[in-house]
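**Q**
In this note's numbering, the protein residues as written are 1 to 137.
#1: Throw me the rounded Cβ distance for the residue 101 and residue 67 pair, which I believe falls under 8 Å.
#2: Which word fits residue 41, buried or exposed, when buried means at least 16 other C-beta atoms lie within 10 angstroms of its C-beta?
#3: Is the beta carbon of residue 51 sitting closer than 7 Å to the one on residue 117?
#4: Look at the Cβ atom of residue 22, then the Cβ atom of residue 60, and state whether they are nearer than 7 Å.
#5: For residue 34, does the count of other Cβ atoms within 10 angstroms reach 16, so buried, or fall short, so exposed?
#6: Over the uninterrupted beta strand (DSSP E) stretch that includes residue 97, give me the two end residues.
#7: Cβ of residue 113 within 7 Å of Cβ of residue 65?
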């Protein structure tokens with residue numbers, strides 16, 4: 001989430017609607033993971049749930065990356081990001097239009113959605129492997 005929020009607020013890369021979809025499971029995973037420290041008896045199921053939520057975000061990221069690369073059509077066309085304050089005609093007309101099918105940034109030919117898919121699915125897999133190994137001990 002630090003990367004996503006940093007790219008938005010420090011880098012000026014406004015999220016599209018599908019980018020926002022990828023954030024919600026991460027927010028939930030953070031809360032669930034923190035809950036695993038508080039509710040000790042439910043620690044193991046909560047960590048598994050956090051891993052599942054991270055994987056869900058990765059799956060949404062994979063879908064979004066496919067839309068950006070033109071492999072399939074998305075569920076939405078575009079979104080806009082408006083700052084706080086009063087909504088006026090000027091604020092609506094001057095809000096940036098963010099398309100879900102155009103990657104605003106990429107590294108090594110992989111978009112932010114693609115990186116989210118790789119890191120989230122990989123991270124969820126690592127958590128699952130570690131949880132499985134700790135269960136055997």
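Think of the CB as a built atom: it goes at the ideal place given N, C-alpha and C, for glycine as much as any other residue.
Since this is a predicted model, take the numbers as computed values, not measurements.
**A** Short version:
#1: 5 Å
#2: exposed
#3: no
#4: For residue 22 and residue 60, yes; Cβs fall inside 7 Å.
#5: exposed
#6: 97-99
#7: yes
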